[in-house]
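Here's the structure, in structure tokens; my notes come after.
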Amino acid sequence: MTEQTSGCRRAASLAVATAVALLALAAATLPATAGTTLDAVKARGKVICAASSGTIGFSAPDDKGYWRGLDVETCRAVAVAVFNDKEKAEFVPLSGQQRIPALQSGEIDILPRTLTWTIQRDGNGINFTTPNYYEFTGFLMPKNLGVTKVQDMKGASVCVQTGSTTEVVVNDVSREHQLGLTTVVFDSVSALRQAFFSGRCDALITDAAALASIRATQAKNPADYVIFPATPYMDALTPAVRHGDDQWMDIVTWSFQALTAAEMFGITQANIDQKLGSGDPRIRRFLGVEPGNGTAIGLDDKFAYNIVKQIGNYGEVFDRNLGSGSPLKIDRGYNRLFRDGGLMFPLAFQ
Amino acid sequence: MSRPKGEFPIMTMTTAIPAAAADGPPKRRRTPILQILFGDLLAAGLTVMTGALVLALLPALRWGVLDAVWSTADPGRCGAGGACWAFVAAKIRFILFGVYPADEQWRPLAVIGLVLAMVLVSLPPRHWGRRLLTAWGVAIGAMLALMWGGFAGLPFVSTANWGGLPVTLLLAILSLGMGFPIAVTLALGRRSKVPVPRFLSVLVIETIRGMPLVGLLFISSIMMPLLLPAGWSVDKLGRTLAALTIFAAAYLAEVIRGGLQGVPGGQMEAARALGIPVWKAVWHVVLPQAIQKVIPPLTNTAIVMVKNTSLVLIVGVFDMLSAARTAASDPVWPAPYSESYLFVGAVYFLICFAISLYARWLEGRVQDKDLR
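Chains V and U supply the protein sequences, listed in that same order.
Position one of the first sequence corresponds to residue 1 (the numbering used here), numbered consecutively onward.
Position one of the second sequence corresponds to residue 1 (the numbering used here), numbered consecutively onward.
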């Protein structure tokens, strides 16, 4: 009996040593919530944002491993606001289920990851800033099934992404019209597309603009497919932050607002230095020529200037990642500025 | 199989045998090929089925080789019906290294080289010993240091940016390497006659073995951050590694326990009778014999763990498989999923097949003579 136990003791001390080594090796402990998020971010020297593991146009690494996308640039805008350096942003790829716990636990500072603003999520420990993308949920179906509206979809199987609001939409639509839809669940958009085009399901549900681009770029013959809206309702994809840090929420909100405001004022990455001499008091305040805006939320007065100088305005960001300048060629639709018939409207920089 | 022309094979055999028997041992009979293929009904059936299978695979050959696009800078040329290997060529950097900064690419490459070198050094059993173990410790430290950087002018790269093959290799090696001592502890604990360690070991082993790895990964990556005290966060890769390590430990423990059971109790008693202290007896007498007995199932567990690392993609770790999937979702290329999966599959196959070949060779050596 004693033989075995002291054998154990020896081995146990080995295990303890291993466990300590494991912790030392793998546990990068960082005091995330000591003080304000801004202090923590400044102390760390970078902003940490959630990313997807490859939603092209929103957050995906390119061939060189450099992150690109609308959500990525939304995060970089905050990095510029805080550090005046868009490369001071780091991206943690998270799955749909992981992203909210990661924000709550302080693993990330901002969650700009195609997250729909819902009351349940809002109540559950996170705060939403302002939407950076509006979308309709739609279905993509092969034309030969003869379905052109939701009511005809009886008994169809639908490819759905887990942890996304589309999962709820499918159930709602199915219940509302008594369609008996079956869902085939996947964890990423790419898996979803692949499953749909290999015939695993009859329909694919996701954001309608994305469907259009999927149809345009991935279908063998785009004319063989039809897109129709799933609901008459619209979703707002909104970067979120943790509850309980108002200053950080302001910074994230206004970093994004700077992008849309710049487009409103006609300021681009190229012409911004000429605009510094503008006589328009709004533009002068926006660019920090007349001080006050930045210091009000704890930033440099020229934060908006820096953001546009390094990243561009919202229109430029959209075109580069989703629109005509990207392989996706997504129509701007509701993501135009309000004056062009869209839903994007910048708040007042004063 | 050289044979005089025109002679019927069976005839040659029957006449050749008595001649050979005259001097030295008789030659082994060579069964003629026709008899192997169509000797009886079963053989004939299998031959026909294999032939049909090969014929059925011809379209795959056509897709994979004849019609394939091997190299092009223009993605539009792909997707005409053949495989698009040009895609793999264009994305190989990303698949192998993931989101690791491109300028620092030599570092993960050096890590892969280091792993290969260490594995080659560890192959002959005569190298096994304390020094090799130390060398592995140093090498793993060097790999992690290389990946992390932050010294001697190497920019710091956080684990969120690690990716591709180095992550797959590091996860596999670290989970097995750290799991092994834990497994030995658990196995000894389970064999103990003292109730507390036995009960604890059984509890740990059975709980972990009763859970799917996916569940364990979810717990470690989603629940753990919420359970830790505020302000503490364990790195995502670290959490994933912890889950894999515990998982590997539970399975290895059962394998090692099998080996321990196979060592006759007389070994321990003899060692004790010679005045060898208990832990030395366990370490030098019982464990070596136990582990020798279970090399095949240990290999099996190692191969399974290498492949299990690919499950980490569900928690957003950029291992080789997730990198390949992300690469394939690039809209510029016409959805080359099959090509990406085949490429990644081939890399996994190379790793696992090499392990299993090595294990077979090792097993043969163990049977031939004692290792120590």
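Where a beta carbon is used, it is the ideal one built from N, C-alpha and C, also for glycine.
Going by Cα to Cα distance, which pick from V:41, V:184 and V:327 is closest to residue 159 of chain V?
V:184
Using a Cβ-Cβ cut-off of 8 Å, state whether residue 72 of chain V counts as contacting chain U.
no
Within 10 angstroms of the Cβ of residue 135 of chain V, are there 16 or more other Cβ atoms? Answer buried if so, exposed if not.
buried
Based on Cα-Cα distance, which residue from V:212, V:181 and V:162 lies nearest to residue 221 of chain V?
V:212
Under 8 Å between the Cβ atoms of residue 311 of chain U and residue 194 of chain U?
no
Using only the alpha-carbon positions, how far apart do residue 234 of chain U and residue 56 of chain U sit?
Near 51 Å, if we compare the C-alpha coordinates of residue 56 of chain U and residue 234 of chain U.
Kindly indicate which residue of V:151, V:171, V:318 and V:205 has the alpha-carbon position closest to the one of residue 161 of chain V.
Distance from the Cα of residue 161 of chain V is smallest, within the candidate group V:151, V:171, V:318 and V:205, for V:205.
So residue 178 of chain U is in the alpha helix (DSSP H); what residue range does that whole segment cover?
First-last of the alpha helix (DSSP H) with residue 178 of chain U: 165 to 191.
Counting along the chain, where does the beta strand (DSSP E) carrying residue 138 of chain V start and finish?
133 to 142
Run the CB neighbour count on residue 132 of chain V, radius 10 Å, all protein chains shown included, and call it buried at 16 or more, exposed below.
buried
Give me the chain V residues within the contact set of residue 325 of chain U, using Cβ-Cβ distance strictly less than 8 Å, ordered along the chain.
53, 54, 188, 190 and 191
Tell me the rounded alpha-carbon separation between residue 165 of chain U and residue 118 of chain V.
38 Å
Which value, in whole angstroms, describes the spacing of the CA atoms of residue 135 of chain U and residue 284 of chain U?
Between residue 135 of chain U and residue 284 of chain U, the C-alpha separation is close to 21 Å.
Tell me, please, whether the region 153 to 167 of chain U touches the region 237 to 255 of chain U by the rule of three or more beta-carbon pairs shorter than 8 Å.
Yes: the two stretches touch, three or more of their Cβ pairs being nearer than 8 Å.
Are the CB atoms of residue 281 of chain U and residue 98 of chain U within a distance shorter than 8 Å?
Here residue 98 of chain U is not near residue 281 of chain U, since their CB atoms are 8 Å or more apart.
Assuming residue 140 of chain V and residue 68 of chain V are in contact, meaning their beta carbons sit under 8 Å apart, how far apart are those beta carbons, in whole angstroms?
Actually they are not in contact, since the Cβ atoms of residue 140 of chain V and residue 68 of chain V sit about 24 Å apart, beyond 8 Å.
Beta-carbon of residue 87 of chain V versus every beta-carbon of chain U: anything under 8 Å?
no
Who are the neighbours of residue 337 of chain U on chain V, taking C-beta pairs under 7 Å?
Result: 194.
Can you list the residues of chain U that residue 64 of chain V reaches, using a CB-CB cut of under 7 Å?
102, listed in chain order.
Counting only Cβ pairs nearer than 9 Å, list the residues of chain V close to residue 94 of chain U.
61, 62, 63, 64 and 65
Taking buried to mean at least 16 other C-beta atoms within 10 Å of its own C-beta, is residue 271 of chain V buried or exposed?
exposed
Give the secondary structure of residue 61 of chain V by DSSP, where H, G and I count as helix, E and B as strand, and everything else as coil.
strand
Select from U:279, U:267 and U:295 the residue whose C-alpha is nearest the C-alpha of residue 254 of chain U.
U:295
Which residues, taken in chain order from the region 93 to 108 of chain V, show a beta carbon closer than 8 Å to some beta carbon of chain U?
In summary, the residues of the region 93 to 108 of chain V whose CB is separated from some CB of chain U by less than 8 Å are 93, 94, 95, 97, 98, 101, 102, 104, 105, 106 and 107, in the order they occur in the chain.
Since residue 106 of chain U and residue 82 of chain U are thought to touch, with beta carbons under 8 Å apart, how far apart are those beta carbons, to the nearest angstrom?
So it is not a contact: roughly 34 Å between Cβ atoms.
Go through its chain and collect everything with a Cβ distance to residue 306 of chain U's Cβ below 8 Å, but skip five positions before and after it.
168, 172, 348, 351, 352 and 355
Residues of chain V with CB closer than 7 Å to the CB of residue 330 of chain U, please, in chain order.
56
Determine the chain V residues that contact residue 222 of chain U at a beta-carbon separation under 7 Å, and present them in chain order.
Under the 7 Å cutoff, chain V gives 97, 98 and 101.
Which chain V residues are close to residue 125 of chain U, counting only those with a beta carbon under 9 Å from its beta carbon?
Correct list: empty, because the minimum Cβ distance to chain V is about 22 Å.
State the start and end residues of the unbroken beta strand (DSSP E) segment that holds residue 232 of chain V.
225 to 237
Please report how far the alpha carbon of residue 269 of chain U lies from the alpha carbon of residue 256 of chain U, in whole angstroms.
20 Å
Tell me the residue span of the beta strand (DSSP E) that contains residue 263 of chain V.
Note, residue 263 of chain V: premise wrong, no beta strand (DSSP E); alpha helix (DSSP H) at 246 to 264.
Would you mind sorting residue 71 of chain U into buried or exposed? The rule is 16 or more other CB atoms within 10 Å of its CB.
exposed
Give the secondary structure of residue 42 of chain U by DSSP, where H, G and I count as helix, E and B as strand, and everything else as coil.
helix
What does a CB cutoff of less than 6 Å around residue 258 of chain V pick up in its chain, not counting 5 residues either side in sequence?
304 and 307.
Have a look at residue 143 of chain V and residue 301 of chain U and give me their C-alpha separation to the nearest angstrom.
The C-alpha of residue 143 of chain V lies about 48 Å from the C-alpha of residue 301 of chain U.
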